[in-house]
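These protein sequences, in sequence, are chains A and B. The opening residue of the first sequence carries number 287 in the working numbering; numbering runs sequentially from there. The opening residue of the second sequence carries number 47 in the working numbering; numbering runs sequentially from there. Each residue gets a CB set at the ideal place from its N, CA and C atoms; glycine is no exception.
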Amino acid sequence: QVAGSACPSCGGPALAPQAERALVLKLAKQQILEGLQLTSRPRLTHPPPKAVLTRALRRLQRGRVVPANGEQVISFAVLTDSSTATCSSTLTFHLSTPRSHHLYHARLWLHVLPTLPGPLSLRIFRWGGRRRGRGSRVFLAEHQLTTPGWHALTLPSSGLKREESGVLKLRLDCSLLEGNRTVAPQLLDTSGEQRPFLELKTQPKLPGAGRARRR
Amino acid sequence: TPSCEPATPLCCRRDHYVDFQELGWRDWILQPEGYRLNYCSGQCPPHLAGSPGIAASFHSAVFSLLKANNPWPLGTSCCVPTARRPLSLLYLDRDGNVVKTDVPDMVVEACGCS
């Protein structure tokens, strides 16, 4: 800034290259953090393994584009119990979508192991939550899985309203569609490189959205 | 808009490329590897005032109003960005989630005199 200049960008004493570079790097940090509405760079305590990251991003490349000013988020599941033997699990996600955004698209990506003995019915519930109290569950969706491999299961975005804590728990209940056979263990790969993840799309709320309309 | 050359005193675009490695941010910003932090600087003599661009048209409108009321414009012509574009970022947030977003107006494409 040139003191007293009416047009700070119109010139002044040229900076030494090193000083200019240091200023540019400082500006870059400030510009990126402001652009992402962050006050400081995120401190990663549990970064996802690179292989998990690459797999998930590969899945997303074929997805639709994020709208202007919107966000697309991948959140990897944290396994909270070890009941994978019965193919029913509780998956926990830590979400930090901005308060100013609303969720309009949600899919749960699951990788079914080759040991799938037959068509599988998967019911997905939202677990717990502020108003519903601990241990309660809300039905979200039911999907039928007939082949091993990755499946993208659409969830109602209205059922995934943001919790203060940012923690979202999904309860999966599996049952085989055919016969009375017990469900084989380890149907869903809920750990390792093909852990489940949520794919979410948000966009800024419109001004006045959510405000009750007076009639 | 000309890129700034040492001998160019006039309004120009000063190009800088910032590699996120330099900032020590490559661990949480996955893509891109860096971005162009350009900015505008240089002289804007009167005969360049209002040279083409988005900001110039806005300032021209203001200046024409001022002229209508004063014989002389109150301010000086400034070297400002006249075109910018968004920057797509893929990064990890504090929970280890991957976020893909476009940050608007991050890269200065062109400069002009307001």
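On a Cα-Cα basis, can you pick out the residue from the options that is closest to residue i?
i, options, result
"residue 483(A)", "316(A), 358(A), 309(A), 304(A)", "358(A)"
"residue 50(B)", "89(B), 66(B), 137(B), 134(B)", "89(B)"
"residue 129(B)", "159(B), 136(B), 141(B)", "159(B)"
"residue 317(A)", "74(B), 77(B), 81(B), 76(B)", "81(B)"
"residue 314(A)", "137(B), 73(B), 63(B)", "63(B)"
"residue 487(A)", "464(A), 455(A), 361(A)", "361(A)"
"residue 426(A)", "432(A), 434(A), 414(A), 433(A)", "414(A)"
"residue 374(A)", "481(A), 332(A), 474(A)", "474(A)"
"residue 408(A)", "387(A), 388(A), 399(A), 430(A)", "430(A)"
"residue 490(A)", "433(A), 302(A), 312(A), 388(A)", "388(A)"
"residue 386(A)", "306(A), 355(A), 312(A), 307(A)", "355(A)"
"residue 422(A)", "306(A), 400(A), 302(A), 455(A)", "455(A)"
"residue 138(B)", "403(A), 400(A), 310(A), 333(A)", "333(A)"
"residue 68(B)", "85(B), 86(B), 79(B)", "79(B)"
"residue 485(A)", "301(A), 307(A), 343(A), 428(A)", "343(A)"
"residue 481(A)", "312(A), 309(A), 378(A), 363(A)", "363(A)"
Could you check where the alpha helix (DSSP H) with residue i kicks off and where it finishes?
i, result
"residue 312(A)", "303–321"
"residue 68(B)", "66–69"
Using the three-state DSSP reduction, which class does residue i fall into: helix, strand or coil?
i, result
"residue 288(A)", "Any reading at residue 288(A) must be qualified, since the residue scores a pLDDT of 43, below 50, and its modelled position is unreliable; the value itself is stated next. Coil, per DSSP."
"residue 464(A)", "coil"
"residue 387(A)", "strand"
"residue 80(B)", "strand"
"residue 340(A)", "helix"
"residue 478(A)", "helix"
"residue 72(B)", "coil"
"residue 443(A)", "helix"
"residue 345(A)", "helix"
"residue 333(A)", "coil"
"residue 361(A)", "strand"
"residue 134(B)", "strand"
"residue 159(B)", "strand"
"residue 60(B)", "strand"
"residue 128(B)", "strand"
"residue 393(A)", "strand"
"residue 324(A)", "coil"
"residue 148(B)", "strand"
"residue 401(A)", "coil"
"residue 452(A)", "coil"
"residue 139(B)", "coil"
"residue 356(A)", "coil"
"residue 458(A)", "strand"
Cutting at 7 angstroms between CB atoms, please list the residues of its own chain near residue i, excluding the five before and the five after it.
i, result
"residue 436(A)", "345, 395, 397"
"residue 100(B)", "Confidence at residue 100(B) is low in this model, with a pLDDT of 45, below 50, so the placement of that residue is unreliable and no value is reported for it."
"residue 452(A)", "380, 381, 382"
"residue 147(B)", "135"
"residue 432(A)", "405"
"residue 150(B)", "132"
"residue 83(B)", "62, 64"
"residue 434(A)", "398, 399, 400, 402"
"residue 290(A)", "Any reading at residue 290(A) must be qualified, since the residue scores a pLDDT of 49, below 50, and its modelled position is unreliable; no value is offered."
"residue 125(B)", "57, 86, 87, 88, 90, 157, 159"
"residue 72(B)", "66"
"residue 154(B)", "59, 84, 85, 86, 127, 130"
At which residues does the beta strand (DSSP E) containing residue i begin and terminate?
i, result
"residue 89(B)", "It is not in any beta strand (DSSP E) - residue 89(B) carries neither H nor E in the DSSP assignment."
"residue 428(A)", "423–431"
"residue 407(A)", "406–413"
"residue 380(A)", "375–380"
"residue 180(B)", "Residue 180(B) is absent from the structure shown; chain B starts at 47 and stops at 160."
"residue 487(A)", "483–490"
Quick one: residues in its chain with C-beta nearer than 8 angstroms to the C-beta of residue i, no 5 flanking neighbours on either side, listed in chain order?
i, result
"residue 479(A)", "335, 337, 338, 341"
"residue 92(B)", "123"
"residue 492(A)", "none"
"residue 152(B)", "81, 130, 131, 132, 133"
"residue 502(A)", "Chain A is shown only over 287 to 501; residue 502(A) falls outside these bounds and no answer can be derived."
Using a Cβ-Cβ cutoff of less than 6 angstroms, which residues in the same chain neighbour residue i once the five nearest sequence positions on both sides are dropped?
i, result
"residue 77(B)", "136"
"residue 463(A)", "405, 407"
"residue 75(B)", "66, 137"
With a cut-off of 8 angstroms, does the C-beta of residue i fall near any C-beta of chain C?
i, result
"residue 78(B)", "Of the protein chains in the structure, A and B, none is chain C."
With respect to 7 angstroms, is the separation between the Cβ of residue i and the closest non-hydrogen atom of the ligand SAM below this value?
i, result
"residue 68(B)", "By its list of ligands, the structure shown contains no ligand whatsoever, and the ligand SAM lies outside what it can speak to."
Original post:
Are the segment 317–329 of chain A and the segment 438–448 of chain A touching by the rule of at least three beta carbon pairs closer than 8 angstroms?
Top reply: no
Subject >> the segment 378–386 of chain A touching the segment 141–152 of chain B, judged by at least three CB pairs closer than 8 angstroms >> reply: yes
Original post:
Using 8 angstroms as the Cβ pair cut-off and three pairs as the minimum, do the segment 385–396 of chain A and the segment 431–442 of chain A touch?
Top reply: Yes, they touch.
Subject >> At least three beta-carbon pairs within less than 8 angstroms, the segment 326–337 of chain A to the segment 451–465 of chain A >> reply: Verdict: no, contact absent.
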